[in-house]
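Protein chains: 2
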Amino acid sequence: MSRSWWGWGDEEAQLGAAEVATLTERVNMLLPDHDLTDHQPPRPADLVLPEPRIDAPAALAELCSTTPADRLGHARGKAFRDVVRNLLGDVGHLPDLVVRPRSERDIVDVLDWCSGAGIAVLPYGGGSSVVGGVEPRFDGPSISLDLERLDQVLEIDATSRAARVQAGVYGPALEDQLRPHSLTLRHFPQSFEFSTLGGWLATRAGGHYATLYTHIDDLTESMRVVTPQGISESRRLPGSGAGPSPDRLFLGSEGTLGVITEAWMRLQDRPRWQTTVSVSFATYDEAVEATRAIAQSGLYPTNCRLLDPGEALVSAGVATGGLLIIAFESADHPVEAWIARATEIALGHGGTVEATRDRGEQDGDSAGTWKSNFLRMPYQRDALARRSMVVETFETACTWDRFSAYDAAIRTAAQGALDEICGGGLITCRFTHVYPDGPAPYYGIYAPGRWGSTLSQWDEIKAAVSEAIATNGGTITHHHAVGRDHRPWYDRQRPDPFAIALTAAKRALDPAGVLNPGVLIDLD
Amino acid sequence: MSRSWWGWGDEEAQLGAAEVATLTERVNMLLPDHDLTDHQPPRPADLVLPEPRIDAPAALAELCSTTPADRLGHARGKAFRDVVRNLLGDVGHLPDLVVRPRSERDIVDVLDWCSGAGIAVLPYGGGSSVVGGVEPRFDGPSISLDLERLDQVLEIDATSRAARVQAGVYGPALEDQLRPHSLTLRHFPQSFEFSTLGGWLATRAGGHYATLYTHIDDLTESMRVVTPQGISESRRLPGSGAGPSPDRLFLGSEGTLGVITEAWMRLQDRPRWQTTVSVSFATYDEAVEATRAIAQSGLYPTNCRLLDPGEALVSAGVATGGLLIIAFESADHPVEAWIARATEIALGHGGTVEATRDRGEQDGDSAGTWKSNFLRMPYQRDALARRSMVVETFETACTWDRFSAYDAAIRTAAQGALDEICGGGLITCRFTHVYPDGPAPYYGIYAPGRWGSTLSQWDEIKAAVSEAIATNGGTITHHHAVGRDHRPWYDRQRPDPFAIALTAAKRALDPAGVLNPGVLIDLD
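Chains as they are written, first to last, in our numbering: chain B, 2 to 525; chain Z, 2 to 525.
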């Protein structure tokens, strides 16, 4: 398999003819006037790239690559706006070098070199950022520091169920190394195949599961981080109250404070029992109330994913007021009592059981359909991006008391922007995570764009919804991170004294200001 | 009720004659040669106190107290070493003033005044610190900033189950204000009666429950903190991935970065179902293995408290190799399936059910006995401190793989110190919290001391066990905080780059260095 330089995932996994036909047929039905011409990505060889402006010291030279495919592939993440720019052949800023350290020692040397020479360092995991987190969006020289060679599980502690893992390991390679021990990290973000442990830690990634231990923050026992001021290593501890948590400062630091090289991660036994129920509701309000009740029940379902009518139709092919997918799984015990009570709560709020599925069965129901679509979504987005559609997601979180008004404000802002900018479009929503005190809604946007303008069209829509999020007190990101794209709204969200503290911490750890400039904070 | 200036809790709740008789009889049996003379605390009026060295500005004068009882009562926390010094009439350093702000505005004004005048500010909640966290252990002028007037629940959001609460509220007053809404914070540290929300937040307090949401960190939705550089207020969010968590920097900051004035806290419905099972084991190793299996089962018991043989005998009056108290409770559903599986796991590891108790029954079994003793323990400690005993606790956490060796190293160090310093003594242990990746053991020390020397005797023992903790890679505190007493070992535990970052953050937020000097970090 070869990674796509311009779009999501692997070249070989792009949509086949049949999948494209289904997709375009669906779009054609909704938007009969839309021009579905396929705009193919340019070939890297046809693009004129600026020459690298820097040379690595001899000792580091063998770690460096300047091939066009490498530099283009590391120039930006995988957001819609990244893909569209690639499709347009808009080269923009490129890292001068792609550097692939073999060891932590190499990373120390690279940081020494770059700090001394004033070269920006952009830590790079899988490059699946959708917030401009890995993009050298500035004029000075830069390197992309790709950790892919640090891909090993170094140690397993089966008693405590934990493993010491190098940061550059991709999701599948990590699980492959844990499987022989019957253990799993059980962290499955949508980007799982194309993102790394270090990226998850640096961006506070959210896993596939809806409640309890699903965020990478909670799965982290200790971390090792190379900073320009030395290596930070926290102790392996199941819990500690010794001052503010060191790990929590580096979690979410998005490469601005140091380069995460390894971590002890909390693992779980591989699940043996699993039951999923899909429940359909007549109205979305009922569905939301049922979801809240389950989120507050203390049952902690593995999954508790609410699809709004648009999402249920687009992704699961079901016409409903709201489709709630509830699942429990366990490595220790059958989950009947759990699923029974959760289902009872859902029915008590007016739901109707659509399907029940025990482990092993795969397809033929809406939950199964939804799950297989889940991993194809980014590929579908790219196929539509090539066909002048504006297709993107954004996500947030808020407390339950405000959800209804918040959701309405966001939809109003989004629909207003879609109508004005694209002459219409569809907004869908699902809850990716639910907490006792609120949901994390994840919105999808589908709108007809004009080829050549879809980037600016999306940027305008994004600004409108971000403004609605900020004005209504939500978070500009629940699990996609801040990067460069969310900066203006993050700056408003972040308490000022915390900004003062974080800036001071950054200045102390990275006095040359070389680590991922423009992300989270500015030193000047 | 009136608070004891010298010891734990309320004067009126001190041990009665019968309780003293039982206690001394028990000690007499174990240590027939120990001198049990009762050394009564001095009266504040009999102590010679240094005059206050500072005057508050006129506008703040009415917030200030200089009464001996106030200054003595705020001079230190409630550790054994604090109580002993009080009993000896060792006045030591006192705050010059006790200041009780009425509002956040007052706190801003106090910080302005103190920052300008170079007066140290020691934020004070309930004063139950056992780590020297509220003590002016330095020579310059200081004030104790007592938040007791900020004691209101300001707002309740029943839909999201959250409340906006002022930091100075004590545990019982908080629960009293939540009860009419059928809600509870459900945070019950042993100090519950004599500690405040602000203190819990500043020290990352651990609640009574053994697993899941029991740490105050996880119960916190947003915080408001007055710093010398302005007020920090995070947004109310159920989850967010926007940069490193602002709240996690202030959680555990122990008054060094700002004064926490209020927080939105996550609440729960009041439990309706509750079942407790006590399981006895022939050997401690079996009991530990059973506890680990339950901690890793995904059942998340409300309680999962393992008492070692010494603790079971002293606190629950049971002779056993290990007594495991398992409880489940729920506001939503009966807990039979949960307790049945947890019991099955315990029996599978060689346990024998000792007692089962459903909600409502109170006494007559070891779990019940243990619970009622739990709240009396600090009072008993004080009664024994008056009778020349060295009685104190210390707590830590480690991963399961190392527990056996870690526990042995700590007991060896402790027993060695006890034998050498006190000519013998008893060490007990219970797990206060259990995680999938490790337990938090909590040790008790009971040894015969010499009146006038028990302080130095304890300090030597504490240094020996702290050294064992540090050498063996545990945490110097799991939920008692760092304060001044744990500083040398905290400094070794904390990663150097994190110390650099935290010091820079402190310097930026508190440039005059007035906030709780000597705690966590030094600016010079």
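Just so it is clear, CB atoms sit at the ideal spot from N, CA and C, and this is done for glycine as well.
Query: Opening and closing residue of the beta strand (DSSP E) in which Cys305 of chain B lies; Result: 304–308
Query: Chain-ordered chain B contacts of Arg342 of chain Z [CB-CB under 8 angstroms]; Result: Asp333, His334
Query: Unbroken stretches of the alpha helix (DSSP H), 4 residues or longer, contained in the region 107–163 of chain B; Result: none
Query: Whether Pro45 of chain B touches Pro69 of chain B by CB criterion (8 angstroms); Result: yes
Query: Residue-level contact to chain Z via CB, Tyr436 of chain B, 8 angstroms cutoff; Result: yes
Query: Proximity below 8 angstroms, CB of Phe329 of chain B to CB of Ile346 of chain B; Result: no
Query: Short CB-CB distance (under 8 angstroms) between Gly299 of chain B and chain Z; Result: yes
Query: Sequence-distant residues of the same chain with beta carbon closer than 8 angstroms to Gly323 of chain B, five excluded per side; Result: Ser281, Phe282, Thr284, Tyr285, Glu287, Ala288, Val289, Leu307, Leu308, Asp309, Pro310, Ala313
Query: Where Trp9 of chain Z falls: helix, strand or coil (DSSP); Result: coil
Query: Contact check, Ser223 of chain Z vs Ser233 of chain Z, beta carbons under 8 angstroms; Result: no
Query: Beta-bridge pairing of Gly231 of chain B - partner residues as DSSP gives them; Result: B:Thr228
Query: Within-8 angstroms CB hit, Thr38 of chain Z to chain B; Result: no
Query: C-alpha distance - Val21 of chain B paired with Ala384 of chain B, whole-angstrom precision; Result: 7 angstroms
Query: Residues near Pro449 of chain Z in its chain [Cβ-Cβ closer than 6 angstroms; skip 5 each side]; Result: Leu32, His35, Cys423
Query: Chain Z contacts made by the region 241–268 of chain B, where a contact means CB separation under 8 angstroms; Result: Ser241, Gly242, Ala243, Gly244, Pro245, Ser246, Pro247, Arg249, Leu250, Phe251, Leu252, Gly253, Ser254, Glu255, Leu258, Gly259, Arg267
Query: Ile120 of chain Z to Glu421 of chain Z span [Cα, whole Å]; Result: 42 angstroms
Query: Which listed residue (B:Ala264, B:Ile55, B:Asp140) has its alpha carbon closest to that of Ala163 of chain B; Result: B:Ala264
Query: Spatial neighbours of Ala76 of chain Z in its chain, beta-carbon cut-off 6 angstroms, leaving aside the 5 residues before and after; Result: Leu95
Query: When Z:His434, Z:Arg249, Z:Ala418 are compared against Leu427 of chain Z, the one with the closest alpha-carbon; Result: Z:Ala418
Query: Residues, ordered as in the chain, of the region 158–192 of chain Z that lie near chain B by beta-carbon distance below 7 angstroms; Result: Asp158, Thr160, Ser161, Arg162, Ala163
Query: Check whether Val85 of chain B and Ile144 of chain B have beta carbons under 8 angstroms apart; Result: no
Query: Contacting positions in the region 476–503 of chain B - beta carbon closer than 8 angstroms to chain Z; Result: Thr476, Ile477, Thr478, His479, His480, His481, Ala482, Val483, His487, Tyr491, Gln494, Arg495, Pro496, Asp497, Pro498, Phe499, Ile501, Ala502, Leu503
Query: CB contact check: Asp402 of chain Z to chain B, cutoff 8 angstroms; Result: yes
Query: Integer-rounded CB distance, given that Ser389 of chain Z should sit under 8 angstroms from Arg451 of chain Z; Result: 6 angstroms
Query: Coarse secondary structure for Val515 of chain Z, derived from DSSP in three states; Result: coil
Query: Enclosing alpha helix (DSSP H) for Trp201 of chain B [first to last residue]; Result: 198–204
Query: Residue-chain proximity (Gln230 of chain B, chain Z), Cβ-Cβ < 8 angstroms; Result: yes
Query: Chain Z residues whose Cβ lies nearer than 7 angstroms to that of Phe26 of chain B; Result: The sequence given here places Glu at residue 26 of chain B; Phe does not occur at that position. Within 7 angstroms Cβ-Cβ: nothing; Glu26 of chain B doesn't reach chain Z, min ~36 angstroms.
Query: Start and end residues, alpha helix (DSSP H) containing Val336 of chain Z; Result: Where Val336 of chain Z is concerned, there is no enclosing alpha helix (DSSP H), given that its DSSP letter is neither H nor E.
Query: Whole-number beta carbon distance between Thr472 of chain Z and Glu396 of chain Z, since they are thought to touch under 8 angstroms; Result: That belief does not hold up - the Cβ atoms of Glu396 of chain Z and Thr472 of chain Z are roughly 17 angstroms apart, past 8 angstroms.
Query: C-beta neighbour in chain Z for Gly365 of chain B, strict 8 angstroms; Result: Bear in mind that a pLDDT of 47 at Gly365 of chain B, under 50, signals an unreliable position, so the model cannot answer this.
Query: Beta-bridge partners of Cys430 of chain B, as assigned by DSSP; Result: B:Tyr444
Query: DSSP three-state assignment for Ile295 of chain B, whether helix, strand or coil; Result: helix
Query: Among B:Val49, B:Gly78, B:Val109, the one whose alpha carbon lies nearest that of Pro379 of chain B; Result: B:Gly78
Query: Contact with chain Z by Pro239 of chain B, beta-carbon distance below 8 angstroms; Result: yes
Query: Proximity test, Cβ basis, 8 angstroms: Thr284 of chain B and chain Z; Result: no
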